[in-house]
Structures are given as C-alpha cells and as structure tokens.
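Note that this note's numbering has the sequence shown beginning at 14, numbered continuously upward. From the three backbone atoms N, C-alpha and C, an ideal C-beta is built for every residue, glycine too. Encoded as structure tokens, the structure appears first; notes follow it.
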Amino acid sequence: MKMNGLAPSFRISKTSRFPAHPIAGLAGTSFKHEHLPVILGDGPKDGFFEVHAENYMGAGGPPHDALARIRRDFPVSLHGVCMSIGGPRPLDKVHLGRFKALVDRYEPALVSEHLAWSTHDTTFYNDLLPLPYTPATVSRVANHIDEMQETIGRPILIENPSTYVLFAESTMSETDFIGALVQRTGCGLLLDVNNVFVSATNHGYSALSYLADFPLAHVGEIHLAGHAEQADDEGDLLLIDSHDGPVADAVWKLFDIVIGRCGPLPTLIEWDSAIPEWPVLKAEAAAAQAILDHHADSHHLLGKAHAAG
C-alpha cells in the first residue's frame with residue numbers, strides 16, 4: 014500500500030541539525046483502536062497519531078486495517094519499544110526486518126526508539142531498562158543505531174529514558190551520553206519532557222539544568238505524558254512514568270520553556286493505560302497545540318524582526 018508520503022528523504026549527516034519537518038507545528042496523540050470511529054468522524058483532519066511498532070508486526074488483520082484507515086487521513090509516527098538498542102547483544106535481525114517492513118508499508122512521518130534495553134539471551138523483559146553511561150556503552154549503542162538507520166534507510170529519533178536507579182560505573186552524564194550518540198550516528202532525538210521531570214524528581218537534580226545541557230538542536234519530536242506518585246522503600250517520593258493520566262502542570266511548564274527555546278516541534282500526548290474517552294485525549298492535544306501555536310507566532314515575529322534588521 015503506497016501512501017501519500019509525508020516522510021522526506023533524509024541523508025544521514027553526523028554533524029548537521031536534525032531536519033525540520035512538515036508536521037513541526039502539530040500536536041498528536043497515541044492511536045487507540047477504540048477511538049477509531051470517532052476520530053474518522055470528527056471533522057477536520059489535523060494533528061498526527063503515534064503507534065507502537067510491535068503492535069503491528071503481524072502480516073494483516075484488524076490492527077493493520079485500523080492503522081491503514083488512520084494513515085490515509087493523518088501522518089503517523091512509528092515508535093519502537095522492543096529493539097533493545099541499549100542491550101549488550103546484537104540487534105535481532107528478524108525484529109529489525111519486521112520494523113523495516115512497517116516503515117516501508119506506512120511511510121511514517123517520524124521513526125523513534127528508546128535509549129534502553131529489554132532483552133537478555135532469549136529472555137524478554139516487559140520493561141525499558143536503563144544502561145550505564147560510559148564510552149564503551151556509547152560505542153555499542155551507536156553501532157546499534159547505525160545498523161537500524163542503515164536498515165530502514167533514514168535517521169531515527171532516540172528517546173531519553175525515565176530512570177529509577179543510577180549506575181555507579183557511569184562516567185558521563187545522561188545529556189553528554191545522548192550528545193555523543195548524536196555526534197557518532199547523526200540520529201535525532203525524541204525529548205520526553207515527562208521523563209525529564211520524572212528522572213529529575215527521582216534523583217534530586219534540576220529538570221531545568223538537565224534541559225540546559227540537552228542537545229535541543231537535534232530534537233525532532235516531543236513526548237508529553239502523565240505520571241504516578243508512589244513512595245520508595247525509605248518513604249521518599251518516587252514518580253513512575255505511567256502514561257495513565259493527564260499531563261502534570263509542572264510538565265506543561267517545562268514543555269512551554271522547551272518550545273520557547275526551540276520553536277514548534279511535533280508533540281505527542283502519550284496515554285497508554287486507563288484509556289479515557291476520545292474528547293479527553295483530544296483536549297490534551299489541543300492544550301499542547303495552543304502552546305505550539307503561541308510560540309510559532311512568537312518565532313515568526315522574531316524572524317521578521319531579524320530580517321528587517
């Protein structure tokens with residue numbers, strides 16, 4: 014099935030900024046099949062939808078029928094969950110081949126994966142596990158990113174993790190580690206603002222300082238999501254990246270700061286459990302769109318002022 018492609022042909026450069034994109038000023042949401050009828054009957058077609066690649070690795074059936082119907086009217090962002098890019102073993106060639114087939118079939122506007130690992134030998138963990146930040150790990154992860162990009166023929170976005178533990182053997186900060194991956198591979202970045210807030214709260218550092226060090230020039234997409242509050246074994250606050258509720262006020266504030274610095278970027282509302290009715294999810298996307306539009310106007314006026322000067 015050939016789509017009207019929104020995905021431009023990228024040549025991977027290991028020094029240039031991640032390219033601007035036709036959906037740069039749009040907010041989107043996770044696609045949930047129960048919302049399909051109301052989405053298709055909801056009037057004007059704007060925004061975009063993100064799907065998890067692993068949910069569509071069968072040959073056909075209802076999942077592909079639903080995704081094909083969405084893709085005819087909307088751009089799609091393809092988000093990988095199980096590539097285990099951060100793992101110590103080679104990438105699974107079968108899994109990578111299935112991922113490439115999805116890219117070829119649906120021509121997604123954006124393609125992304127997690128800075129994490131989830132497999133060991135023949136065991137799969139239903140989680141996104143952290144990794145130590147060392148030069149050796151940079152080399153291994155960069156090789157995996159290169160392999161994935163070469164296989165699908167386009168750059169990918171790598172998402173910063175939410176973390177609950179740190180490795181004593183780490184010799185680099187997370188932002189330096191991510192920056193090294195960008196320089197080595199030419200990949201772009203998916204900045205999950207909720208993950209920044211969750212990790213900063215859990216480890217007691219400043220989310221604003223993290224963002225000041227983050228290579229924002231290479232961000233190609235932003236994620237926003239809800240999180241849950243728990244207590245750790247010592248009774249201290251522990252945030253969990255749960256994707257089961259609305260975006261928190263503190264995360265909205267960080268998002269506003271990021272968009273003020275970077276201009277409008279494709280922004281995705283993730284909501285993966287305790288799924289609400291479509292109007293609730295749509296309202297979250299509308300709130301993101303309002304911030305994107307506000308800063309689009311500001312950046313437009315700033316650009317005109319620079320041109321006049």
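Which residues in the same chain as residue i place their Cβ atom closer than 8 Å to its Cβ, once the five residues preceding and following it in sequence are excluded?
i: K317; result: Any reading at K317 must be qualified, since the residue scores a pLDDT of 46, below 50, and its modelled position is unreliable; the value itself is stated next. The answer is none, since no qualifying residue turns up.
i: L19; result: Unreliable placement is indicated for L19, whose pLDDT of 36 sits below 50; no coordinate value is reported for it.
i: S286; result: S255, H256 and D257
i: Y146; result: F180, S183, T184, M185, S186, E187, D189 and F190
i: L109; result: M96, E160, M161 and T164
i: G60; result: L39, A40, G41, T42, F87, A298 and Q302
i: A309; result: G38, G276 and P277
i: D226; result: S186, T188 and D189
i: S311; result: G273
i: I98; result: L104, E126, H127, L128, A129, W130, V154, H157, I158, M161 and I171
i: A244; result: L250 and L251
Restricting to Cα atoms, I'd like to know which of the options is closest to residue i.
i: F62; options: G41, P228 and G74; result: G41
i: S90; options: V293, G233 and P50; result: G233
i: T188; options: I169, S219 and I165; result: S219
i: N207; options: L123, A261 and G217; result: A261
i: T176; options: A213, G199 and M96; result: A213
i: I171; options: W265, H92, G248 and D105; result: H92
i: Y119; options: T147, T150 and M70; result: M70
i: L237; options: A230, P259, R82 and Y223; result: P259
i: V124; options: P228, K58, P289 and P279; result: P279
i: E242; options: V154, T184, K295 and F210; result: F210
i: F179; options: L142, D55, E163 and A149; result: Reading off the sequence, residue 179 comes out as Leu, not Phe. The option with the nearest alpha carbon to L179 is L142.
i: V151; options: S183, L194 and L221; result: L194
i: H65; options: D55, K58, P57 and P76; result: P76
i: E67; options: R111, G60, D78 and L49; result: R111
i: E283; options: K266, P57, Q302 and E297; result: E297
i: L53; options: I83, D306, A244 and D249; result: I83
i: S43; options: H308, E290 and D310; result: E290
i: L202; options: A244, L128 and L144; result: L128
i: N173; options: Y223, V51, D55 and P148; result: Y223
Considering just the uninterrupted stretch of the alpha helix (DSSP H) at residue i, what are its terminal residues?
i: T198; result: E187 to T198
i: T150; result: P148 to I165
i: L144; result: Per DSSP, L144 belongs to no alpha helix (DSSP H) and is neither H nor E.
i: I52; result: L49 to L53
At which residues does the beta strand (DSSP E) containing residue i begin and terminate?
i: S212; result: Element bounds for S212: not the beta strand (DSSP E) but the alpha helix (DSSP H), V206 to H216.
i: F227; result: Careful: F227 lies outside any beta strand (DSSP E) and carries neither H nor E.
i: G41; result: A40 to S43
i: V94; result: First-last for V94: undefined, no H or E at that position.
i: L115; result: Counting along the chain, L115 falls outside any beta strand (DSSP E), though it belongs to the alpha helix (DSSP H) covering K106 to Y119.
i: E182; result: From DSSP, E182 is part of no beta strand (DSSP E); its letter is neither H nor E.
i: I282; result: T280 to E283
Taking DSSP's pairing of strands, which residues face residue i in a bridge?
i: Q243; result: L251
i: H127; result: E172
i: S90; result: E63 and L123
i: H236; result: D205 and L281
Any heavy atom of the ligand MG inside 7 Å of the beta-carbon of residue i?
i: I98; result: This structure lacks the ligand MG; in fact it carries no ligand of any kind.
Ordered along the chain, which non-local residues of its own chain (more than five positions away) have a Cβ less than 6 Å from that of residue i?
i: G165; result: According to the sequence shown, residue 165 is Ile rather than Gly. Taken in chain order, the residues that qualify are K113 and V116.
i: V107; result: none
i: M96; result: E126
i: I288; result: K45
i: I158; result: T198 and C200
i: R85; result: none
i: V94; result: H65 and E67
i: L294; result: T42 and W284
i: L204; result: V232 and I235
i: G192; result: P228
Spatial neighbours of residue i within its chain, please: CB distance less than 7 Å, with the 5 preceding and 5 following residues excluded, ordered by chain position.
i: E160; result: L104
i: I304; result: F268, D269 and I272
i: G217; result: none
i: A79; result: H46 and L49
i: R274; result: L229
i: K15; result: In this prediction, K15 scores a pLDDT of 34, lower than 50, which makes its location untrustworthy; the coordinate-derived value is nonetheless stated afterwards. Here the set comprises nothing.
i: H240; result: N207, V211, L252, I253, D254, S255 and A261
i: K58; result: D86 and F87
Contiguous beta strand (DSSP E) assignments of at least 3 residues, all confined to the segment 258 to 302
280 to 283
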